[in-house]
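Basically this note's numbering = 1-based index in the sequence shown + 455.
Notes for the one structure printed next.
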Amino acid sequence: MIPYGRQDVSDKDIAAVLEVLQSDFLTQGPAVPRFEAAAKAQCNVDYAIAVNSATSALHIACMALDLGPGDILWTVPNTFVASANVGIYCGADVDFVDTDPDTYCMSVAALEEKLTQAERDGKLPKVLVPVHFAGQSCDMRAIAALAGKFDIRIIEDASHAIGANYLGQPVGDCAYSDICVFSFHPVKIITTGEGGLATTKDPKLASRMELHRSHGVTRDPALMDQASEGGWYYQMVDLGYNYRMTEMQAALGVTQFERLSEFVDRRNALALEYDRKLADLPVTCPVQNPDSRSAFHLYPILVDNRAEVFARLRENGIGVNVHYIPVHTQPFWRARGFAQGDFPQSEAYYARAISIPLYFGLTEEAQDQVVSEIGRAVSF
Ligand SMILES: *Cc1c(COP(=O)(O)O)cnc(C)c1O
């Protein structure tokens, strides 16, 4: 089976992890700060907080922005469930903005319309979570301009998009957001096994995220409400979690970061090849916004008779997948009042979408096999 995505682990990656295992620190040592430094350099940003998953990063990002009961978080239906779940973790309400029919990212027009309505109803969100779907940045300039009118904070869910650019700058620089979040799950662009990261330009947000990553416990006298009682002293100043990344994960991340541009270049080259090789078939290839250079986490195509095409591809050794079942149609969200039909663009996209294999190690022969099987499946 040719999978839809997979990691690429080198001898250097393996050596880096082994070195940690033989060192003094398996957690809370020097590798996590090294990983964070690599992320700051990549993203051209002042603060980076590494955690054990992107879900944790989204959670501490929401906490840092004080999202809580009575507040509202908006994201898109075309995303992994975690982008919405973190609102519920904080006790907030969650709603969705429909996606753009070309980029499958948050629709600026839908956002504008929904904001106008929400202002009228007194139901404006506190936090907006646009998702850089498939690795392509949302139209952040327009989204930030709209959010700014209502003082809405922005967390970019860039789980797909480490190594992507927007308007010539790296995704993660927070030029149009408060916080940007990445995932390092093995199917994503670079991996730490499980792992995530939040970047920000704001020292206060960075400090709050650091606190919530580790139990709300601090050894920083500036954050305490009384003088230190001695060298052992710490205080728990807020309720936090254990969302720390291990040293093994961080060491893997450091050497993976060294190959990020190689990974993203290869994914872009493979995507261009797909554009070319699929051009004569009755499938719709993903549209690229000229403002963005995608990291190409995914290559979603649209086909008619999706269920049959999907089944035929799987039967013939092509490990296709579907991203995403619209979040609002999941039973958990239907029980909270959402229904089929609420977000027609995300639903129409989902009805025809298939993610085809795209990863660093995908060979030319394997890609040709994928294309030829798609040709057979759609003309069956
Ligand atoms: C993968 C993913 C997440 C969650 O990432 P984890 O690191 O697995 O927690 C969140 N949002 C999106 C869009 C994702 O693709």
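Virtual Cβ for every residue (Gly too), placed ideally from N, Cα, C.
For residue i: DSSP bridge partner residues
{"i": "ALA653", "result": "ILE504, VAL636"}
{"i": "THR701", "result": "THR482"}
{"i": "MET561", "result": "THR554"}
{"i": "ILE609", "result": "LEU583"}
{"i": "SER810", "result": "PRO755, ASN776"}
{"i": "VAL837", "result": "Lying outside 456 to 835, the shown extent of the chain, residue 837 is not represented and no answer is given."}
{"i": "THR673", "result": "GLN690"}
{"i": "GLN624", "result": "TYR621"}
{"i": "ARG748", "result": "ASN620"}
{"i": "ILE469", "result": "In the DSSP output, where bridge partners are listed per residue, ILE469 has none listed."}
{"i": "ILE457", "result": "ILE773"}
Other residues of its chain near residue i: CB distance less than 7 Å, five sequence neighbours each side excluded
{"i": "ALA597", "result": "VAL563"}
{"i": "CYS880", "result": "Past the edges of the chain, shown from 456 to 835, lies residue 880, and the structure says nothing about it."}
{"i": "TYR621", "result": "SER592, MET595, ASP746, SER747"}
{"i": "ASP797", "result": "HIS783"}
{"i": "PRO781", "result": "PRO532, ASN533, PHE798, SER801, GLU802, TYR805"}
{"i": "ALA613", "result": "HIS587, VAL626, GLY627, CYS635, VAL636, PHE637"}
{"i": "VAL825", "result": "ILE457, ILE773, ILE811, PRO812"}
{"i": "LEU694", "result": "GLY671"}
{"i": "ARG769", "result": "VAL775"}
Supposed close pair residue i, residue j - CB separation, criterion 8 Å
{"i": "GLY627", "j": "VAL500", "result": "6 Å"}
{"i": "HIS778", "j": "PRO532", "result": "With 8 Å as the limit, HIS778 and PRO532 do not qualify as a contact, their Cβ atoms being about 12 Å apart."}
{"i": "GLU649", "j": "SER508", "result": "5 Å"}
{"i": "ASN807", "j": "ASP759", "result": "Per the sequence presented here, residue 807 reads as Arg, with Asn not at that position. The Cβ separation is near 7 Å, so the contact holds."}
{"i": "HIS752", "j": "HIS615", "result": "4 Å"}
{"i": "ALA839", "j": "ALA486", "result": "Look at the range of the chain in this structure, 456 to 835, and you will see that residue 839 is not part of it."}
{"i": "THR510", "j": "GLY651", "result": "7 Å"}
{"i": "ARG722", "j": "ALA750", "result": "7 Å"}
{"i": "TYR804", "j": "TYR502", "result": "Not confirmed; about 34 Å, so no contact."}
{"i": "HIS670", "j": "MET700", "result": "Rounded, the Cβ-Cβ distance is 15 Å, inconsistent with contact."}
{"i": "ALA493", "j": "VAL672", "result": "Rounded, the Cβ-Cβ distance is 26 Å, inconsistent with contact."}
{"i": "ARG668", "j": "TYR698", "result": "5 Å"}
{"i": "VAL738", "j": "ILE829", "result": "7 Å"}
{"i": "GLN462", "j": "PHE712", "result": "Going by Cβ atoms, the distance from GLN462 to PHE712 rounds to 14 Å, so no, they are not a contact pair."}
{"i": "ALA505", "j": "PHE490", "result": "5 Å"}
{"i": "PHE835", "j": "ARG767", "result": "6 Å"}
Nonlocal neighbours in the same chain, by C-beta distance under 8 Å from residue i, ignoring five residues either side
{"i": "ILE610", "result": "LEU513, ALA516, CYS517, LEU520, VAL582, LEU583, VAL584, SER632, ASP633, ILE634, CYS635, VAL636"}
{"i": "GLU567", "result": "LEU601"}
{"i": "LYS604", "result": "LEU570"}
{"i": "ALA821", "result": "ILE457, PRO812"}
{"i": "VAL472", "result": "MET703, ALA706, LEU707"}
{"i": "GLU474", "result": "ALA706"}
{"i": "PHE765", "result": "VAL775, VAL777, ILE809"}
Cβ neighbours of residue i in the same chain (closer than 6 Å, five flanking residues each side left out)
{"i": "TRP529", "result": "ASP550, VAL552, PRO580, LEU583"}
{"i": "TYR729", "result": "TYR754"}
{"i": "ARG663", "result": "ALA519"}
{"i": "SER810", "result": "TYR459, LEU753, PRO755, ASN776, HIS778"}
{"i": "LEU715", "result": "GLY618, ILE645"}
{"i": "GLY542", "result": "LEU528, VAL549"}
{"i": "VAL536", "result": "VAL782"}
{"i": "LYS495", "result": "ALA503"}
{"i": "CYS545", "result": "CYS517, LEU522, GLY523"}
{"i": "THR647", "result": "PHE639, GLN704, LEU707, GLY708"}
Min CB distance residue i to chain D below 7 Å
{"i": "GLY460", "result": "The structure shown has no chain D; it contains just one protein chain."}
Minimum length 4: unbroken alpha helix (DSSP H) runs contained in the stretch 523-550: 537-544
For review: beta carbons within less than 6 Å of any heavy atom in ligand 1: SER508, ALA509, THR510, THR534, PHE535, ALA537, SER538, VAL586, ASP612, SER614, HIS615, SER638, HIS640, GLY651
Alpha helix (DSSP H) segments (min. 4 residues) lying fully within the stretch 700-743: 702-713, 715-732
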